[in-house]
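Just so you know, the sequences run in chain order A and B.
Here my numbering is used: the first sequence runs in plain steps of one and ends on residue 423.
Here my numbering is used: the second sequence runs in plain steps of one and ends on residue 1233.
Data first, discussion second: the structure below is written as structure tokens.
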Amino acid sequence: MSDTLLSDELLRQLMAMGEVDVLVGLATYNNAGTVEHVVRATQTAFAKYFHRERTALIIADAGSRDGTLEAARSTNVRDSTPLLASHSLRTMHQIAVPYHGVPGKARALRSIFAAAELSRARACVVVGADHQGMTPEWIENLVRPVQRDSFDFVSPVYRRHKFEGLLPKNVVYPVTRAVYGLSLREPLGGDSAFSGRLVTHLLGQSLWEVEAVRSGIDLGITAAAAVGGFRACELALGRRESGRDDRVALGSVVEQVVGSLFACLDMHQQFWQASPAATEVPVKGTLADVANEPVRINRKRMFDRFRSAVSELGSVLEQILAAETLAEIRVLTAKSDREIHFPDELWARTVYDFAAAYHHSVMHRAHLLQALTPLYLGRAGSFVVENLESEAAEVDGRLEELCLAFERLKPYLLERWKATDGR
Amino acid sequence: MGDKMIDALGEAWGSTLSTAARFLPHLLAMFIFVIAGGLVALVLGKTTGRALRFVNFNALCRRSGLTDLLLKADLPAPDVLVGRLVFWVVWIGFILSGFSALGLRPAEDMVGQFFLFIPQLLAAILMLAVGILLANFVSRAALLAAFNANWPSPRLLANFIRFFIVILAVTMALDQLSLARTVVLTAFAIAFGAIMLALAIAFGMGGREVARRALERRFPEAGAVEKDEMSHL
């Protein structure tokens, strides 16, 4: 497989490099402003924590035009000598190559995994190239659970504001936990580590071929690891500066993330319909409390979109939602902004109705996901109102209740999933 | 004189009898065609309906919006409708074949025309069905896109698009059937032109404020819209 994924140039470099113990991959695209910092942190980690091991850094670039590759190539750990405790005993490799084919993270990750497999890496780490606050310790902390504790998958937990990541909190985390039985707080991944065994397994999966899964490949990888029964753990990584692109419209974000989630459910239906046992996921490191400082959020705008969607998109929602679910949502829209409370069970049924409708293709799938966006805004607005004054523990408690509601209603998902006409 | 009259009457009677004797088998054949055709059409119609129910045709039509349209027109469910269509097309075919069995030139011409008409009828039905599917798909896409872009009156826009595409499909179907071709095409051209003109005038004159507000919302000045300090991802 590797020979079709990797360019001749990269293959030659990998062959010359031979086997490695730790391989770090960066998927870059116009990250000239941050890639230097990430490369430097990685090289420092190699020199500081893995100086007895064979290491490699691979940058899979999607055709950046802002000098990302040049910045990455020119970065050398010797420029930051004062940070080093010792020098590497083995050769430290750095390979920068633009990856070819369809630009996107899936292609980049696949190339990195193929390189890891070819070089028989025992641990493969993937970190974002858009980090502003990554430290060498992140690399060390990601690698150690794989090397020392034989975990196959290390998933990150970041210190987030209570109103940050509302889409994963309200949709992706509860669904993956209820359906796959794997409780990972950041199923959309980010900075993760993989064992060589898992890398080989992932390369053989069909997730790379499904367009909807490719658009949210991190989630696809998490789901594949759950289905494969690999040992997973969470790693408290602290605050992640920068990160995702806020300029992308919410509709597109929902379409990609939730579309990827539903496509995964479709792909793994045999697995989750067999009701897999919930897997205990240990946490490495100390989880920091969620940040709680006041933030500016226009709740009125969110609720206005929600109300207007229920009245304007009624004909579309009728095809997706069960009659009782839609009736209860309609009742909500009659309430004032202060009174709107989107109950956990109603939200779980709403998401499951959408998942089943996606499975049955009751309409064009992009249309279906677009119709979810304003309903999600209603739920997100309700979450914000309920947790406005809440402390970290209360927010965690509410999220736990939401997850339990999704777990309780899994039979409802099964029922809707198996309905012959999709209604 | 009397003998001649009797002979004439006898000849006429004989001729009538021989004509009737020649015609009767044709008439019988026609009745057999009509009755047997009715039975065959009935079986085919029922079988078609059942086959469509088996492949869940009604659910497909409901998703495409065809069922809603049929309900509004007070027509039966799609599987029943197609079954009935098959019944009538087959039976009319048999009836006309029966007329053809009479050996009458006008009837034979009519049968020929009917069988030539069937492909046109099927093409027209196909055009209409595709038109309705397209109308529903495009109008739903427009509704969701306009709504998520925060455009004013997205449902009105979507309904207009659906109406326009359905009218276009109906016009094309009627044109295919060569039914009142001139009237239909002229009416369509006038109606389409009138709608476009009305829209242009309405938007240009009456909707200036709406257009201004829509454009302002679409292209806000820097800093005009407060950005939320939260991240969905």
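Built from N, CA and C at the ideal position, the CB exists for glycine as well.
When you compare the CB positions of T176(A) and L166(A), do they come within less than 8 Å of one another, or not?
no
Thinking R122(A) and G196(A) are a contact (beta carbons under 8 Å), I'd like their distance in whole angstroms, please.
5 Å
Counting pairs of beta carbons, one from the segment 145-159 of chain A and one from the segment 61-72 of chain A, are three or more of them closer than 8 Å?
no
Is the separation between the beta-carbon of R330(A) and that of V362(A) shorter than 8 Å?
No, these two residues do not count as a Cβ contact at 8 Å.
Establish whether the CB of D353(A) and some CB of chain B are separated by less than 8 Å.
No, no contact with chain B.
Would you grab the beta carbon distance between S1100(B) and E1108(B) for me? Rounded to a whole angstrom, and I think it's under 8 Å.
5 Å
Can you look up T135(A) in the DSSP assignment and give me helix, strand or coil?
coil
A371(A) and R416(A) - do their beta-carbons sit closer together than 8 Å?
no
Counting C-beta neighbours from all protein chains within 10 Å, is the total for R52(A) 16 or more, i.e. buried, or is it exposed?
Of the residues assessed, R52(A) falls on the exposed side of the cut-off, its CB having fewer than 16 other CB atoms within 10 angstroms.
So is L1044(B) in contact with chain A if we call contact Cβ pairs under 8 Å?
With 8 Å as the cut-off, L1044(B) does not count as an interface residue toward chain A.
Quick check on Y173(A): does DSSP put it in helix, strand or coil?
helix
Relative to the C-alpha of R1140(B), which residue among A1124(B), M1127(B) and L1157(B) is closest?
Selected option, being the one with the closest Cα: L1157(B).
Work out the CA separation of P1152(B) and S1178(B) for me, nearest whole Å.
Take the alpha-carbon of S1178(B) and the one of P1152(B): they are about 40 Å apart.
Counting pairs of beta carbons, one from the segment 204-220 of chain A and one from the segment 1012-1029 of chain B, are three or more of them closer than 8 Å?
no
Taking buried to mean at least 16 other C-beta atoms within 10 Å of its own C-beta, is D1007(B) buried or exposed?
exposed
Less than 7 Å between C-beta atoms, sequence neighbours within five positions excluded: which residues of the same chain meet that for F303(A)?
Contacts found: D337, I340, G378 and G381.
By the 8 Å beta-carbon criterion, what residues does the segment 1120-1149 of chain B contribute toward chain A?
F1137, R1140, A1141, L1143, L1144, A1145, F1147 and N1148
Any heavy atom of the ligand ADP within a distance shorter than 7 Å of the CB on V385(A)?
The model depicted lacks the ligand ADP and carries no ligand whatsoever.
Taking all protein chains shown into account, do 16 or more other C-beta atoms lie within 10 angstroms of the C-beta of L89(A), making it buried, or fewer, making it exposed?
Because the pLDDT at L89(A) is just 34, under 50, the model does not fix this residue reliably, and the point stays unresolved.
Measuring CB atoms only, is the segment 15-34 of chain A touching the segment 122-139 of chain A, in the sense that at least three cross pairs come out at less than 8 Å?
yes
Just how far apart, CA to CA, sit A47(A) and R54(A)?
10 Å
Of all the CB atoms in chain C, is at least one closer than 8 Å to the CB of R1063(B)?
Note that chain C does not occur in the displayed structure, where the protein chains are A and B.
Alpha carbon to alpha carbon, what distance is there between P1154(B) and Q1176(B)?
Cα to Cα, the separation comes out at about 33 Å.
Closer than 6 Å by C-beta to E407(A): which residues in its own chain qualify, once you throw out the five before and the five after it? Chain order, please.
A178
Measuring alpha carbon to alpha carbon, tell me which residue in L399(A), V351(A) and A392(A) is nearest L409(A).
V351(A)
Runs of 3 residues minimum, wholly inside the segment 173-254 of chain A: which ones carry the beta strand (DSSP E) assignment?
192-195 and 232-238
Considering only residues of the same chain and omitting the five flanking positions on each side of D344(A), which have a CB-CB separation below 7 Å?
Result list for D344(A): E401, L402 and A405, in chain order.
Can you list, in chain order, the stretches of the alpha helix (DSSP H) that have 4 or more residues and sit fully within the segment 347-407 of chain A?
365-386
So which residues on chain A does P1078(B) lean against when the C-beta distance must stay under 7 Å?
Neighbours of P1078(B) on chain A: none; closest Cβ ~13 Å, over 7 Å.
Quick one: what does DSSP say E1011(B) is sitting in, helix, strand or coil?
helix
Cα separation between W347(A) and G220(A)?
23 Å
Measure from the alpha carbon of L1128(B) to the alpha carbon of each residue in A1149(B), F1115(B), G1193(B) and S1064(B), then state which is nearest.
S1064(B)
Helix, strand or coil: which one does DSSP assign to K284(A)?
strand
Just curious, the alpha helix (DSSP H) that V310(A) is in, first and last residue?
R299 to E312
Beta strand (DSSP E) containing S155(A): first to last residue?
Per DSSP, S155(A) belongs to the beta strand (DSSP E) from F153 to Y158.
For P98(A), count neighbouring C-beta atoms within 10 Å of its own C-beta (all shown protein chains included) and say buried if the count is 16 or more, exposed if not.
With a pLDDT of only 34 at P98(A), under 50, the local geometry of the prediction cannot be trusted, and no value is derived from it.
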